[in-house]
Structure formats: C-alpha cells, structure tokens
Amino acid sequence: MSKLPKEPSAGEITPPALYLRRRELLKNAALFAGTASAIGGGLVWLTGRDAGSSGAAGAEAPGGDAVPLTDARPPGDASTRAEAGETKGRSSFVTDEARTPYEDIISYNNFYELGLSKSAPAANAGRLRLRPWAISADGELKRPQIIDLDTLLRWFPLEERVYRMRCVEAWSMVIPWLGFPLAALLKRLEPTSRARYVQFTTLLDPEQLPGQKSRVLDWPYVEGLRIDEAMHPLTMLAVGIYGKTLLGQNGAPIRLVVPWKYGFKGCKSIVRIELTERRPRTTWSEAAPDEYGFYANVNPAVDHPRWSQATERRIGELRRRPTLPFNGYAEEVAGLYSGMDLRENF
Ligand code: MTE
C-alpha cells in the first residue's frame, strides 16, 4: 500500500452517474428488510464431514485448491432442494453491479505476508497449510474458547454476499463472498458488558507466510472494529468466493469482510478474535498513522496524503468511477458514526 498508484488523467474521470447509484441504494435498503437466505449445502461440504469419504477435501491441499461447493455436495443432501428451488444460493445482501471475474479476484491481491507485489500472493499461497486450523476467541467473552475451523463451520449456515470492495489504493472489485455474519459468532460467544472492540489477528508463521521474514510491517497483521461495527449485519467472516473455498491469496481459510471500509480492514487468515475494552492496535494505523486510520471508512472527501480518494479504478474497467461515501453502504451504516467528525476519525 505504500506504493503510489497511478493518478487518473482528467479524461479518465467518469461523469458522476449518481442517480444510478441512488437507485441501487434504495434497492439495497429494500433488500435489507428481507430475510437472508442460507446455503446449507456448502456448509456440509466445508465442514469436511463428508469430504474425507468423497475425496473432495480441497481445503486440505496446501494453499487450498478451490473446489466448487456444488460439485462436492453429498448426493441427497437436504439443502439441494432448497438451493434448486428457493434460494438459488443468494442472500439479500447482493449488489447487481457486474461481478469482477474470478481470475482477477484470485490473481490481483494484497497480502504482504505472501509478497509485496499484486501477483506474489497467488504465487506463494501454496505454502499456507489450511488444515488443521483453529481460532482463539478470547478476551471479554463469557464463553472464550479455541475453535477448530471445521467446528466453526458447522455452527452457521453460509450465505452468499456480493459486496463492493474498495482498496485504499483506489482500486475496487465486486466480489461474491461466501460466509456468515460475524454477529452470529459473537452472539454465540457472548461478549461481556465490558466488550467495546474486537481485534482480529492473522497467522504468525514465517515458514507459511514468508513475507513475515522481512520487517515491512510489525507482524502479525492485526485489525480491529468497534463492537457495533462488528455486530453490523453487513460485517462477515468469509470462507469462499464464487461458491468455491477461499484460496490462500484471498485470506484462506477465513477472513474478515467489512464492505463500507477500505479493504485493509479485511484481516486475512485469522487465528485470533479478541474482544477488548480498549481500542486495539491495528497494523496500518501504527505503520503510517497519518495515512491509515482506525476507522478507515471509505470516504471520497478525505484524500490519502499522497493521492485522491474521490474516484476509483474498478478492476476490469478503463474509466475511473466516483467513489461513494461508505463505499455505497451509507444508508446502512452512516448512523454508526452520527455526531462523529469523519475527517478526524478517518
Ligand atoms: N490481511 C493481511 N493479513 N495482510 C495483508 O497484507 N491486505 C489488506 C487486506 N487484508 C492484507 C490483509 C488489503 S490492503 C486489502 S485491499 C485486502 O486484504 C485485499 O484482499 P484481496 O487480496 O482478497 O482482494
């Protein structure tokens, strides 16, 4: 992120088609009133209960060979009926904008632990061992515990959420994630009355994440949210993309997705979720406090010190497009920040 992206020339700037975006916002608001539908079939496959016998345990391959969830579903699984008829694998949290092609999502990445270039994470992801994988849930919780990932995946139905992702470097994608709301996990673990923040920690293992051998950042990568942000229905833990298991370069086996914030909040390959009373440290805000804040809400009115945040380059498109406040999710999340100065709390 320290590298300066190319500035857009004046001719590349798209006239703001804001009325179109407004239509989408209104539609999203209507969808939010509905009930999210779940994909039970993916859940069965990802837990590995049937994977061993069917030989579909893609998650055990180093780096994770993505396996289509539908192909791996055991025959006769009850969820097949629901998926075919009612849910079509969609939840209500879906933008109708064109989805970024899968190949782009898995080959243009930021994951400094796997290398600093955009192509390095995909090239090095094979070092990451995705099973066994455990997450420590601790701190201000009534039920702190170490959770095996496959156990965790049995707890919650998976949903598809098609979200915009806006990187602080001023590029963006539209990604169909597969995962579950972070709120579901937190409710189950029961935060104490003292819990005000949540901190997320990436795996620390320089053998699997060789970028950690150089001190470009203070490893492990940590990120944090206020508890109300963490409990917001848009906030999710993702385990898949385009119906396939997450690959190492995208933060396998489990990563955070907060669509109204800059992408760096989306901590990858999580091994710890800690509830805290005090605001936790976060990697980028410590590395460059003038450039990356704790809140990191997408805000076209607050430029990065070295580039404008007013527009963005959607991967796969030539012209830049305007960046929207809260990445287009203002209607859903602006209330979380009422009364706050978003320039100060950037
Ligand atoms: N998580 C870790 N552990 N290390 C990282 O370098 N990069 C962040 C975020 N999560 C990063 C990380 C940044 S800057 C972005 S934009 C997103 O991951 C990119 O996610 P993607 O590669 O899946 O598109």
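With this note's numbering as the guide, the letters of the sequence shown map in order to residues 115 to 460. Every residue gets a Cβ at the ideal spot worked out from N, C-alpha and C, and that includes glycine. All figures in this text were calculated on a predicted structure; none of them were measured in a lab.
Restricting attention to Arg275, Leu242, Leu299, Glu446, the CA atom closest to the CA of Trp374 is found in Glu446. Residue pairing of His418 in beta bridges, as defined by DSSP: Trp421. At least one heavy atom of the ligand MTE lies less than 6 Å from the C-beta of Met115.
Distances taken from the Cβ of Thr214 to the heavy atoms of the ligand MTE include none shorter than 6 Å. Thr316 and Asn411 have their C-alpha atoms some 21 Å from each other. Within the same chain, Gly177, Leu228, Leu361, Gly362, Gln363 come within 7 Å of Ala239 by CB-CB distance, once the 5 residues on both sides are set aside. Straight-line measurement puts the Cα of Pro439 at about 12 Å from the Cα of Tyr451. For Val282 against Tyr406, the beta-carbon gap comes to about 7 Å, under 8 Å, which counts as contact. Counted as a single uninterrupted DSSP element, the stretch harbouring Pro295 is not any alpha helix (DSSP H) but the beta strand (DSSP E) occupying residues 285-295. Between the alpha carbons of Asp417 and Thr265 lies a distance of about 42 Å.
Contact between Ala212 and Arg427 does not hold, since the beta-carbon distance rounds to 14 Å and is not under 8 Å. In the DSSP secondary-structure assignment, Pro436 is bridged to Thr425. Counting the other CB atoms within 10 Å of its CB gives Met454 a total below 16, which places it among the exposed residues. For Lys382, the shortest separation between its Cβ and any heavy atom of the ligand MTE lies below 6 Å.
Measuring C-alpha to C-alpha distances from Phe225 to each of Gly377, Leu456, Leu303 identifies Gly377 as the nearest. Using a 10 angstroms sphere on the CB of Glu343, the tally of other CB atoms reaches 16 or more, which defines it as buried.
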